[in-house]
Structure formats: C-alpha cells, structure tokens
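Here the structure comes first, spelled out in structure tokens, and everything after it is commentary.
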Amino acid sequence: MKRTRRKFSAEFKTKVVLEALSERLTLTELAQKHEIHPNQITQWKREFLEKAPDVFSKGDKAQKAEQDHEQEAEQLYKTIGQLKVEGDWLKKKLQS
Numbered sequence: 310m311k312r313t314r315r316k317f318s319a320e321f322k323t324k325v326v327l328e329a330l331s332e333r334l335t336l337t338e339l340a341q342k343h344e345i346h347p348n349q350i351t352q353w354k355r356e357f358l359e360k361a362p363d364v365f366s367k368g369d370k371a372q373k374a375e376q377d378h379e380q381e382a383e384q385l386y387k388t389i390g391q392l393k394v395e396g397d398w399l400k401k402k403l404q405s
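Sequential numbering from 310 applies to the sequence shown in my numbering.
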C-alpha cells in the first residue's frame, strides 16, 4: 500500500522549530510527539535560522526599493519632459 506524502503548514513547522530551539525536549522526543523524523526537525531548524536575519532586514530592503523606484520615476519624467520640448521645437520648425 502506497503512503501519501504529508504536507506541513508553515504554522506547524514554526511551532516545532520553536520547541526545538527551546531545548526542553530532545529532538527524538519532539519527533515522537509530532510523529515526524528527527532529521526533518533539524532541516526545518537550519532553514529557520538561515532566514531569521531577513525578517528584520525587510524594512531596509523595502525602503531601498522604494527609493530606487522614485529615482527611476524621476528619470522617466525628465526624459518625457525633454521629448516634449524636442517635439514642440520640431513642430515649430516644421511650420516655418
């Protein structure tokens, strides 16, 4: 009989990882409690710790992205203005 693959929610993974980080229970005890393999807990824990610094740096990235967007918009408005002036100049020269 074929077993279907289990999928775990982000909330469940976070709960298990936080329990693992608290170190009140061993990995083996946690694995038995949640009916998963200890290696899976280790993998989730490693992934959690690798991505933890990103949680606090997202504001910096968002602010930088917003500044880049504003700078790009300013450059585009400048280009549009220049093209409008050139177009008006060409129309004036064409009429005379």
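Just so you know, even glycine gets a beta-carbon here, dropped at the ideal spot from N, CA and C.
As the structure is a prediction and not an experimental result, all values here were calculated from the model.
**OP:** For LEU339, count neighbouring C-beta atoms within 10 Å of its own C-beta (all shown protein chains included) and say buried if the count is 16 or more, exposed if not.
**Re:** With 16 or more other Cβ atoms within 10 Å, it is buried.
Original post:
Does the ligand FAD have even one heavy atom less than 8 angstroms from the beta-carbon of LEU385?
Top reply: No copy of the ligand FAD appears in this structure; indeed no ligand is present at all.
**OP:** Identify every run of the beta strand (DSSP E) within the region 320-369, keeping only runs that are complete inside it and at least 3 residues long; order them along the chain.
**Re:** Segments of the beta strand (DSSP E) lying fully in the region 320-369: there are none.
**OP:** Please look up how many angstroms separate the CB atoms of LYS354 and LEU330, rounded, as I've assumed it's under 8 angstroms.
**Re:** Contact flag correct, Cβ pair sits at about 7 angstroms.
Subject >> Length of the line joining the Cα atoms of LYS324 and GLN391 >> reply: Approximately 57 angstroms between the Cα atoms of the pair.
Original post:
Looking at the structure shown, is LYS401 part of a helix, part of a strand, or coil, going by DSSP?
Top reply: Helix, per DSSP.
Subject >> Coil, strand or helix - LYS373 by DSSP >> reply: Residue state for LYS373 is assigned as helix, using DSSP reduced to three classes.
Original post:
In angstroms, rounded to a whole number, what distance separates the CA positions of ALA361 and VAL394?
Top reply: Those two C-alpha atoms are separated by around 51 angstroms.
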